[in-house]
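Input: a single structure, listed below in structure tokens.
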Amino acid sequence: MATGSLPQVEYRPYDDSTQSLRYIKGYPRSFTRNPSQPLIERPLTLSELSGPFEPERRVEICDGDFSSATPGGPRAIGQLMNISGRVTDEDGAPIAGAMIEIWQANAAGKYIHEWDRHQAPIDPNFTGQGRFLTDREGRYRFRTIKPGGYPVMESDWWWRPPHIHFSIFGPSWMDRFITQIFFPGEPLNETDLLFNGVPDPEARQRLLFEPRPIVVTQSLNLLEFERDFVLRGKQRTPEVG
Amino acid sequence: MNLSPSPYGTIGPFFPFQLVDDCNDLTRFEGRTARGQHIWLGGRVVEEGNVPTGNSVLELWQPDANGIFRHPMDPQFRDVDAGFFGWGRARTDRQGAYRFRTVLPGASRELDGTRRCPHVNLMVLAIGLTRRLVTTIFFADMPDQVKDPVLNCVQDPAARHRLFAIRDAALDSVGVPGYRFDVVLRGENETPFFID
Chain A
2 MATGSLPQVE
12 YRPYDDSTQS
22 LRYIKGYPRS
32 FTRNPSQPLI
42 ERPLTLSELS
52 GPFEPERRVE
62 ICDGDFSSAT
72 PGGPRAIGQL
82 MNISGRVTDE
92 DGAPIAGAMI
102 EIWQANAAGK
112 YIHEWDRHQA
122 PIDPNFTGQG
132 RFLTDREGRY
142 RFRTIKPGGY
152 PVMESDWWWR
162 PPHIHFSIFG
172 PSWMDRFITQ
182 IFFPGEPLNE
192 TDLLFNGVPD
202 PEARQRLLFE
212 PRPIVVTQSL
222 NLLEFERDFV
232 LRGKQRTPEV
242 G
Chain B
38 MNLSPSPYGT
48 IGPFFPFQLV
58 DDCNDLTRFE
68 GRTARGQHIW
78 LGGRVVEEGN
88 VPTGNSVLEL
98 WQPDANGIFR
108 HPMDPQFRDV
118 DAGFFGWGRA
128 RTDRQGAYRF
138 RTVLPGASRE
148 LDGTRRCPHV
158 NLMVLAIGLT
168 RRLVTTIFFA
178 DMPDQVKDPV
188 LNCVQDPAAR
198 HRLFAIRDAA
208 LDSVGVPGYR
218 FDVVLRGENE
228 TPFFID
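Order-wise, the sequence lines are chains A and B.
Heads up, the first sequence is in our numbering, so the first residue is 2 and it goes up one at a time.
Heads up, the second sequence is in our numbering, so the first residue is 38 and it goes up one at a time.
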């Protein structure tokens, strides 16, 4: 992108039909935290169309291997897996150099977090968090262990299915993106308030990892999952005069 | 191609502190110190009933003290303050309190030469929010407040007033002046939020 040029990209407001409900029955905080007043329409200026640039210069990036707490250290407990995918815009154009943050529970369903009161063990060989970048084709890849499910300890009780949280820094403030991705075929998916908070079945499918063929090698055999992400942003259609 | 954007999700309760800590000071970057007036930008996040919203995550995106964004789209990108990155992140404690150290932003310049009022973009993430909430913070003692294209979208004068951070000596610390911006997610004196 040349300095001082506006990319010919338009950011349309999210289509609510492809997104999660804001108010979810049984998810009590959604009723005390979502604004009661309608959200206000605004123009997008340089301020909203720009965004954190080269964030890896500001924060620490890791090698994308979360299967041990330190490089070459003892392996974390759990099913070892590779997770990969592509980050694109709505036209399918790759987003290179996007910073991705992930965080997840360990195999017992426990996070390293002051607010986690679940009586499950910490795995000393697992931190479950870190940052890495997409390559020139918008691809990312990391290695981790499968997270466990865990009970939600507040208000209405339910068990969260295994999932991994993603935070993505796209090229613009408009596509600072957060989500969580689930595993296919998990019984707890059926009752999860957040997974089912996305009413559109097609959109819900895009919250699942897709299993991929396992490459068998002599040294290491890992489960393989893929998940592509589509950030907002679309080439502007020339106006027909 | 016409792909549908991925569904957004809540940040949940367990965003690692390690990914937040050290991110709330925007005045240092690559060993340099940001130019301009350093300020504390802080306050409380509350929800319905004025109940503190603990464990929420806030992010800022703003131009430097001269109004330049560290982004190639900004025509003045090459002149951006080498000590200023422009993005920061903080979390709220159990009382809902948060604090950033940053600089008073300058008036950024659009490609057509018009200027925005000095402002900071804010996003709020928390349990219960399946989508981020976005708003813009303005500064009361800055000029040209009435001409801002985003501020002008807020019709109700009382609501518009709530988008201004106000000078608050109670937030002063180590010789750096404090500005208060309370975020009311829902309830009386609710903060105006924009369509994302």
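Note that the Cβ used here is the ideal one computed from N, Cα and C, for glycine as well.
Practice item. Please check if any C-beta of chain A sits within less than 7 Å of the C-beta of B:ASN87. Key: Locating residue 87 of chain B in the second sequence gives position 50, counting from the first residue. False, the Cβ-Cβ gap to chain A never drops below 7 Å.
Practice item. For A:ILE215, collect the residues of the same chain with a Cβ closer than 6 Å to its Cβ; drop the 5 residues on either side in sequence, then sort them by chain order. Key: Counted from its first residue, the first sequence places residue 215 of chain A at position 214. Scanning its chain for C-beta atoms nearer than 6 Å, with the 5 sequence neighbours on each side dropped, one finds around A:ILE215 the residues GLU225, in chain order.
Exercise for review: Kindly indicate which three-state DSSP category A:ARG137 falls into: helix, strand or coil?
Suggested key: Here residue 137 of chain A corresponds to residue number 136 of the first sequence, with the count starting at 1. Note: A:ARG137 maps to coil in three-state DSSP.
Check your understanding: CB of B:TYR45 to nearest heavy atom of the ligand FAD: below 6 Å?
Key -> No copy of the ligand FAD occurs in the structure displayed, which carries no ligand at all.
Check your understanding: From what residue to what residue does the beta strand (DSSP E) around A:GLU102 run?
Key -> For the purposes of this step, residue 102 of chain A is taken as the residue at position 101 of the first sequence. DSSP places A:GLU102 in the uninterrupted beta strand (DSSP E) bounded by 100 to 105.
Exercise for review: May I ask you to list, following chain order, the residues of the stretch 191 to 213 of chain A that have a beta carbon less than 7 Å from some beta carbon of chain B?
Suggested key: So the list reads LEU195, GLY198, VAL199, ALA204, ARG207 and LEU208, given in the order they occur along the chain.
Check your understanding: For A:ASP16, is the classification buried or exposed, using 16 other Cβ atoms within 10 angstroms of its Cβ as the cut-off for buried?
Key -> Position 15 of the first sequence holds residue 16 of chain A. By the 10 Å Cβ count, A:ASP16 comes out exposed.
Review point. Quick one: what does DSSP say A:PRO185 is sitting in, helix, strand or coil?
Key: As a first step, residue 185 of chain A is located in the first sequence; it is residue number 184 there, counting from the start. In the structure shown, A:PRO185 sits in coil (DSSP, three-state: anything other than H, G, I, E or B).
Check your understanding: So, is the C-beta of A:ASP92 closer than 7 Å to a C-beta in chain B?
Key -> The sequence position of residue 92 of chain A within the first sequence is 91, counting from 1. So, interface residue.
Point to revise | Presumed contact (8 Å Cβ cut-off) between B:PHE230 and B:LEU170, rounded CB distance | key: Along the second sequence, read from residue 1 onward, the residue named residue 230 of chain B stands at position 193. Along the second sequence, read from residue 1 onward, the residue named residue 170 of chain B stands at position 133. That pair is a contact at about 5 Å.
Check your understanding: Just the Cα atoms here: how many angstroms apart are A:HIS119 and A:HIS166?
Key -> Numbered from its first residue, the first sequence carries residue 119 of chain A at position 118. Numbered from its first residue, the first sequence carries residue 166 of chain A at position 165. So the two alpha carbons sit approximately 18 Å from each other.
Check your understanding: From A:GLY139 to B:ARG65, what distance separates their C-alpha atoms?
Key -> In the first sequence, counting from the first residue as 1, residue 139 of chain A sits at position 138. In the second sequence, counting from the first residue as 1, residue 65 of chain B sits at position 28. A:GLY139 and B:ARG65: Cα-Cα distance of roughly 30 Å.
Review point. Is the stretch 149 to 159 of chain A touching the stretch 129 to 136 of chain A, taking contact as three or more C-beta pairs under 8 Å?
Key: Too few Cβ pairs lie closer than 8 Å, so no.
Check your understanding: Counting pairs of Cβ atoms below 8 Å between the stretch 68 to 79 of chain A and the stretch 131 to 148 of chain B, do you hit three or more?
Key -> A contact between stretches requires three or more CB pairs, one per stretch, nearer than 8 Å, and the stretch 68 to 79 of chain A fails this requirement with the stretch 131 to 148 of chain B.
Practice item. Give the residues from the stretch 132 to 143 of chain A that approach chain B closer than 9 Å (Cβ to any Cβ), ordered along the chain. Key: Of all residues in the stretch 132 to 143 of chain A, ARG132 have a Cβ within less than 9 Å of some Cβ in chain B.
**Study point:** the stretch 219 to 230 of chain B: positions lying closer than 8 Å to chain A by Cβ
**Key:** The residues in question are LEU222, ARG223, GLY224, GLU227, THR228, PRO229 and PHE230.
Check your understanding: Looking at C-beta atoms only, is the number of pairs between the stretch 81 to 101 of chain B and the stretch 121 to 135 of chain B that lie closer than 8 Å three or more?
Key -> Under the three-pair Cβ rule at 8 Å, the stretch 81 to 101 of chain B counts as touching the stretch 121 to 135 of chain B.
Point to revise | Run of the beta strand (DSSP E) containing B:HIS75, from where it starts to where it stops | key: To locate residue 75 of chain B, count along the second sequence from 1; it is residue 38. 75 to 84 is the extent of the beta strand (DSSP E) around B:HIS75.
Review point. Mind checking if A:TYR151 is an interface residue toward chain B, Cβ cutoff 7 Å exclusive?
Key: Along the first sequence, read from residue 1 onward, the residue named residue 151 of chain A stands at position 150. Taking a beta-carbon distance threshold of 7 Å, A:TYR151 does not count as an interface residue toward chain B.
Review point. Does DSSP classify A:LYS111 as helix, strand or coil?
Key: Looking up residue 111 of chain A in the first sequence gives position 110. If DSSP states are grouped into helix, strand and coil, A:LYS111 belongs with coil.
Check your understanding: Between which two residues does the alpha helix (DSSP H) harbouring A:PRO202 extend?
Key -> Residue mapping note: residue 202 of chain A aligns to position 201 of the first sequence, counting from 1. Going by DSSP, A:PRO202 is part of the alpha helix (DSSP H) stretching over 202 to 206.
Exercise for review: With a cut-off of 8 Å on the beta carbons, I'd call A:GLY110 and A:PRO148 a contact; round off their distance for me.
Suggested key: If you number the first sequence from 1, residue 110 of chain A lands on position 109. If you number the first sequence from 1, residue 148 of chain A lands on position 147. Indeed, because the Cβ distance is near 7 Å, the residues count as touching under 8 Å.
Check your understanding: Going by other Cβ atoms of all chains shown within 10 Å of its Cβ, with 16 needed for buried, is B:ALA195 buried or exposed?
Key -> For the purposes of this step, residue 195 of chain B is taken as the residue at position 158 of the second sequence. So B:ALA195 ends up on the exposed side.
Exercise for review: Could you tell me which of A:LEU134, A:ASN107 and A:ILE84 sits nearest to A:ALA121, measuring between CA atoms?
Suggested key: For the purposes of this step, residue 121 of chain A is taken as the residue at position 120 of the first sequence. Nearest option by C-alpha distance: A:ASN107.
Review point. Quick one, which of B:ILE48, B:ASN87, B:GLY80 and B:ASN61 has its alpha-carbon nearest B:SER93's?
Key: Taking the second sequence and counting its residues from 1, one reaches residue 93 of chain B at position 56. Relative to the Cα of B:SER93, the nearest Cα in the group B:ILE48, B:ASN87, B:GLY80 and B:ASN61 belongs to B:ILE48.
Exercise for review: Could you have a look at B:ASP142 and say whether DSSP puts it in helix, strand or coil?
Suggested key: The sequence position of residue 142 of chain B within the second sequence is 105, counting from 1. Correcting the residue identity first, residue 142 of chain B is Pro in this sequence and not Asp. Reduced to three states, the DSSP call for B:PRO142 is coil.
Exercise for review: Using a threshold of 7 Å, state whether the C-beta atoms of B:ILE174 and B:LEU159 are closer than that.
Suggested key: The count along the second sequence starts at 1 and reaches residue 174 of chain B at position 137. The count along the second sequence starts at 1 and reaches residue 159 of chain B at position 122. B:ILE174 places its beta carbon less than 7 Å from that of B:LEU159.
Point to revise | Closer than 9 Å at the beta carbon, the chain B residues around A:LEU232 | key: One-based indexing of the first sequence puts residue 232 of chain A at position 231. Listed by position along chain B, the residues whose Cβ is nearer than 9 Å to that of A:LEU232 are PRO42 and SER43.
Review point. Using a Cβ-Cβ distance under 7 Å, would A:HIS119 count as near chain B?
Key: Reading the first sequence from its first residue, position 118 is the one you call residue 119 of chain A. Not an interface residue.
Practice item. Take the Cβ of B:GLY150 as the centre, count every other Cβ of all protein chains shown within 10 Å, and call the residue buried at 16 or more, exposed below. Key: The residue labelled residue 150 of chain B in the question sits at position 113 within the second sequence. Residue burial annotation: B:GLY150 is exposed, with fewer than 16 other C-beta atoms found within 10 angstroms of its C-beta.
Point to revise | Own chain, CB closer than 8 Å to A:CYS63, minus 5 neighbours either side, in chain order | key: Numbered from its first residue, the first sequence carries residue 63 of chain A at position 62. Taken in chain order, the residues that qualify are GLY131, ARG132 and PHE133.
Practice item. Taking C-beta pairs closer than 7 Å, name the residues in chain B that A:TRP116 reaches, listed in chain order. Key: As a position in the first sequence, residue 116 of chain A is number 115, starting the count at 1. Close to A:TRP116, with beta-carbon spacing below 7 Å, are these residues of chain B in chain order: PRO50, PHE51 and ASN92.
Exercise for review: Within 10 angstroms of the Cβ of B:ILE164, are there 16 or more other Cβ atoms? Answer buried if so, exposed if not.
Suggested key: Residue mapping note: residue 164 of chain B aligns to position 127 of the second sequence, counting from 1. B:ILE164 comes out buried.
Point to revise | Limits of the beta strand (DSSP E) - the one that B:LEU34 falls within | key: The structure shown has nothing for residue 34 of chain B, since chain B only spans 38 to 233.
**Study point:** Straight-line Cα distance separating A:PHE143 from A:ILE84
**Key:** On the first sequence, position 83 is the one that residue 84 of chain A refers to. On the first sequence, position 142 is the one that residue 143 of chain A refers to. Distance between the alpha carbons of A:ILE84 and A:PHE143: 5 Å.
Check your understanding: Do A:SER51 and B:PHE106 have their C-beta atoms within less than 7 Å of each other?
Key -> Reading the first sequence from its first residue, position 50 is the one you call residue 51 of chain A. Reading the second sequence from its first residue, position 69 is the one you call residue 106 of chain B. Yes, Cβ-Cβ distance for A:SER51 and B:PHE106 is below 7 Å.
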